[in-house]
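Trainee:
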Amino acid sequence: MGTIIGIDLGTTNSCCAFMERGEPRVIINEEGGRTTPSVVGFAKDGERFVGEIAKRQLVVNPESTVYAIKRFMGRRYRECRADFALVGYPIVEGGSGECAVEVQGRLFSPRELSAFVLQKLKKAAEDFLGEPVTEAVITVPAYFTDSQRQATRDAGTIAGLDVLRIINEPTAAALAYVHDRRKSSTIAVYDFGGGTFDVSILHVERDVAEVKATRGDNQLGGADLDRLLFDWLSQQFQRENGVPLPSDRVVVQRLRDAAERAKLELSTATSTDVQLPFLFVDAAGPHHLQVTVTRAIFEDLIAGLVERTLAECRAALTDAKMSVDQIDEVVMVGGSSRIPMVQERVKALFGRPLNKGFNPDEVVAVGAAVQAGMLEGDVKGVTLLDVTNFSLGIEVKGGQFGRLIPKNTTLPAMARRQVSTVVDNQRSVKIHILQGESPVARENVSMGEFELNNIQPAPRGLPRIEVTFQIDANGIVDVTARDTRSGLSEQVRIDAPAGISKADLERLTAQHADLAAADAAARELKAVRATIEGQIVSLEGLQRAHQGVLHRSDLDGLDQALKRARMALLKSSDPSNLKELADYLQRVQKHVRARV
Ligand code: ADP
Ligand code: MG
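So the sequence shown is numbered by our numbering: it starts at 36 and just counts up by one.
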């Protein structure tokens with residue numbers, strides 16, 4: 036068995052780690068980074084870039100640069116309209132009503148785009164470990180619904196990874212803590228990232244880590260702080276320039292970028308200057324932006340959002356039936372937890388110093404690696420008792436929500452429900468499954484509907500069909516139905532509105548492997564062409580410099596080599612041909628050098 040890697044597939048940044056002789060280690064990517072921006076960029080010729088390089092082209096090419104795709108994972112188009120404004124690329128309605136991104140005339144689902152990020156991490160791990168990597172543990176926000184988890188697992192599959200386990204991010208952070216400390220305590224994990232906020236209360240007793248409660252908001256993160264600052268900056272702009280900021284995508288992206296940079300600086304400095312010369316030009320001439328933002332202004336802007344995270348912390352304590360003084364440690368996770376005001380407020384809420392022993396950018400991936408190590412058997416097991424983050428239920432009479440598995444039930448969890456018919460000889464029953472907390476069915480997230488068919492004809496109310504709902508350790512829901520009279524049982528496929536079929540998944544996986552191969556070939560071709568272009572320049576140099584000294588036959592040889600090289604650059608796109616040519620040119624160069 037190869038190494039199982041642990042992946043924190045973040046909204047903003049992703050990180051990958053593995054266990055080396057019982058200790059977690061973060062994998063360094065191709066660019067030398069310990070984290071990889073979760074950004075996929077498409078060049079004009081369709082070539083894809085992932086990570087830092089893609090992030091860099093965001094300002095110049097916002098329509099073809101996809102970031103924060105996690106916000107749209109496994110969600111339906113009409114459910115996430117509010118999020119469209121947060122990104123610079125166009126979101127459209129894809130097949131089966133899910134969100135899709137249109138780039139250069141092609142539709143990509145969020146799972147495909149996430150697969151590009153995962154594949155980069157997989158490759159980095161393979162380069163780092165020197166062996167193929169095919170298995171992974173991937174983390175998701177605690178608040179991810181069933182279809183968001185499924186989509187994440189699909190993304191892994193598309194990237195060529197067998198996703199052995201999906202674990203919640205705060206739980207992963209707690210695992211990293213448990214692995215490191217090995218002492219009994221009650222901890223709060225406060226994770227404030229780029230797109231989501233999560234808080235979990237866990238109790239660790241010897242080798243059992245039990246999640247007591249977990250809360251969060253998967254629409255609240257650093258990007259929202261950026262947006263507040265963005266709005267403030269555009270107001271300042273309008274005040275100074277007397278014209279509103281145009282909605283041009285490049286202008287908006289430049290300002291967004293500046294807002295984030297200012298925010299980062301304000302974590303260490305108490306004031307910063309935002310300068311965007313020539314932000315745009317109109318009939319009146321060029322317009323510039325120049326404003327000073329102080330930490331006090333920024334704190335004023337974000338206070339409301341920070342307070343929302345604290346309200347979630349209080350609610351989590353209530354869910355866990357605990358008071359603040361029962362919390363022994365607070366582990367801070369996520370880039371936004373670096374904001375001084377956030378730290379002060381969290382410290383004040385819990386009334387104790389924060390644990391600074393972990394890198395907030397890496398602790399989730401490290402925890403995923405610890406989980407991977409447990410699956411490999413290399414790490415002494417910590418029994419993880421995670422909980423459900425939503426109530427699971429079905430629609431019952433009058434559009435009400437019938438709760439079957441309440442929120443915060445320890446996983447894996449199971450519930451049974453008997454259903455029957457309402458009219459005589461009814462042959463089928465429809466069941467609508469939902470996740471959420473509202474007593475009104477339609478206010479919760481629909482997971483799909485299924486129909487039980489082939490019910491034996493009988494007077495109404497007589498058939499007894501037992502439906503079993505199971506939530507596995509990954510938080511993924513499974514439903515089976517059994518007719519207690521005939522004893523026949525069937526696995527029910529939930530037609531998740533935002534899900535995809537197995538056949539589609541297989542097709543995408545194959546397609547993705549082809550795309551990756553095509554990308555690699557394109558890069559190889561570019562590289563060898565560049566080599567040949569360089570060789571032409573040096574051969575021409577030799578020709579010029581030693582015209583008088585070189586023998587006629589050498590000059591002819593040089594001439595021929597140059598002709599072949601120029602012709603090949605014009606005509607050939609076969610990398611192996613071009614490689615042979617590059618070798619040949621190298622020999623010619625060596626030969627000529629030896630003669631002068
Ligand atoms: P995610 O879990 O969403 O991938 P991260 O934990 O990597 O996100 O956090 C990314 C967010 O943290 C971004 O919004 C980024 O601007 C913010 N961030 C990173 N460093 C800092 C900092 N020093 N001060 C304030 N915000 C920061
Ligand atoms: Mg994160």
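Idealized CB from N, CA, C, for every residue including glycine. These figures come from a predicted structure and were not determined experimentally.
Would you call P176 buried or exposed, if buried means 16 or more other Cβ atoms sit within 10 Å of its Cβ?
Mentor: By the neighbour-count rule (16 or more Cβ atoms within 10 Å), P176 is buried.
Trainee: Is it right to say K632 is buried, meaning 16 or more other beta carbons lie within 10 angstroms of its own, or is it exposed?
Mentor: Any property of residue 632 remains undetermined from this structure, which presents the chain solely from 36 to 631.
Trainee: Using beta-carbon positions only, say whether A171 and I62 come within less than 8 Å of one another.
Mentor: Their beta carbons are not under 8 Å apart, which means A171 does not touch I62 by this criterion.
Trainee: Closest to V122 by C-alpha separation, out of S573, M482, T47, would be which residue?
Mentor: It is T47.
Trainee: Terminal residues of the continuous alpha helix (DSSP H) containing T636?
Mentor: Since the displayed the chain opens at 36 and closes at 631, residue 636 lies outside it and no answer follows.
Trainee: Give me the Cα-Cα distance between G583 and Q595, rounded to the nearest whole angstrom.
Mentor: Their Cα atoms are separated by approximately 18 Å.
Trainee: Report the option in L420, V457, A548 whose CA atom is closest to the CA atom of A448.
Mentor: It is L420 whose Cα lies nearest to the Cα of A448.
Trainee: Starting from C610, trace the alpha helix (DSSP H) in both directions and tell me its first and last residue.
Mentor: According to the sequence as given, residue 610 is Pro; it is not Cys. Counting along the chain, the alpha helix (DSSP H) containing P610 begins and ends at 610-630.
Trainee: At the level of alpha carbons, what is the spacing between E55 and L616?
Mentor: For E55 and L616, the distance between alpha carbons rounds to 43 Å.
Trainee: Look at the Cβ atom of V329, then the Cβ atom of D308, and state whether they are nearer than 8 Å.
Mentor: Correcting the residue identity first, residue 329 is Thr in this sequence and not Val. No, the Cβ-Cβ distance between T329 and D308 is not below 8 Å.
Trainee: Taking only three categories from DSSP, how would you classify P532?
Mentor: At P532, the pLDDT of 47 sits below 50, so the modelled position is not reliable; the number obtained from the coordinates is stated separately. Three-state result, P532: coil.
Trainee: Label R622 either buried or exposed according to how many other C-beta atoms from any shown protein chain fall within 10 Å of its C-beta, with 16 as the threshold for buried.
Mentor: That one is exposed.
Trainee: Considering only the beta carbon of each residue, do D197 and V368 sit closer than 8 Å?
Mentor: Going by C-beta atoms, D197 is not nearer than 8 Å to V368.
Trainee: Do the stretch 452-462 and the stretch 239-249 make contact, defined as three or more Cβ pairs closer than 8 Å?
Mentor: Touching, no, given that fewer than three Cβ pairs across the two stretches are closer than 8 Å.
Trainee: If you draw a straight line from the C-alpha of D233 to the C-alpha of Y178, how long is it?
Mentor: Roughly 8 Å separates the two Cα atoms.
Trainee: If distances are taken between C-alpha atoms only, which option among V631, D609, A603 comes closest to L665?
Mentor: Here the chain covers residues 36 to 631 and nothing more, so residue 665 does not appear.
Trainee: Count the other C-beta atoms from every protein chain shown that fall within 10 angstroms of the C-beta of K155, then say buried if there are 16 or more, exposed otherwise.
Mentor: With 16 or more other Cβ atoms within 10 Å, it is buried.
Trainee: In chain order, what residues of the same chain have a beta carbon less than 6 Å from the beta carbon of I202, not counting five sequence neighbours either side?
Mentor: The answer, listed in chain order, is T174, Q406.
Trainee: In its own chain, which residues sit with a C-beta less than 7 Å from the C-beta of G68, not counting the 5 before and 5 after it?
Mentor: Taken in chain order, the residues that qualify are E87.
Trainee: If you measure from the beta carbon of I40 to each beta carbon in chain B, is any gap under 8 Å?
Mentor: The structure shown contains no chain B, having only a single protein chain.
Trainee: Under the DSSP definition of a beta bridge, which residues are partnered with K432?
Mentor: K432 is not bridged to any residue.
Trainee: Keeping to the same chain, check which residues put their C-beta closer than 6 Å to that of C50; ignore five residues upstream and five downstream.
Mentor: Contacts found: D43, T70, E397, A400.
Trainee: Do S220 and V239 have their CB atoms nearer than 8 Å?
Mentor: Yes, they are a contact pair.
Trainee: Look at the Cβ atom of R7, then the Cβ atom of M108, and state whether they are nearer than 8 Å.
Mentor: No answer is possible for residue 7: the residues shown for the chain start at 36 and end at 631.
Trainee: Looking at the unbroken alpha helix (DSSP H) that takes in T344, where does it start and where does it end?
Mentor: Per DSSP, T344 belongs to the alpha helix (DSSP H) from 330-354.
Trainee: Between V399 and the ligand MG, is there a pair consisting of the residue's CB and a ligand heavy atom that are separated by less than 7 Å?
Mentor: V399: yes, Cβ under 7 Å from the ligand MG.
Trainee: Where does A223 sit, in a helix, a strand or coil, going by DSSP?
Mentor: Correct three-state label for A223: strand.
Trainee: Tell me the rounded alpha-carbon separation between D261 and E295.
Mentor: Their Cα atoms are separated by approximately 5 Å.
Trainee: Would you report the Cα separation of P532 and N424, rounded to the nearest angstrom?
Mentor: Annotation note: pLDDT 47 at P532 (below 50); position unreliable, no value reported.
Trainee: Helix or strand or just coil, what does DSSP make of M482?
Mentor: In the structure shown, M482 sits in a strand (DSSP, three-state: E or B).
Trainee: If you compare alpha carbons, which of A404, N390, E478, G402 is closest to G428?
Mentor: It is E478.
Trainee: At which residue ranges does the stretch 219-273 contain complete beta strand (DSSP E) runs of 3 or more residues, listed in the order of the chain?
Mentor: 220-227, 232-240, 243-252, all fully within the stretch 219-273.
Trainee: Which value, in whole angstroms, describes the spacing of the CA atoms of A629 and L540?
Mentor: Spanning the two alpha carbons is a distance of roughly 58 Å.
Trainee: State the start and end residues of the unbroken beta strand (DSSP E) segment that holds D197.
Mentor: Counting along the chain, the beta strand (DSSP E) containing D197 begins and ends at 197-203.
Trainee: Taking a contact to mean a Cβ-Cβ separation below 8 Å, would you say F143 touches V136 in this structure?
Mentor: Yes.
Trainee: So is the beta-carbon of K298 under 7 Å away from any non-hydrogen atom of the ligand ADP?
Mentor: Under cutoff, so the answer is yes.
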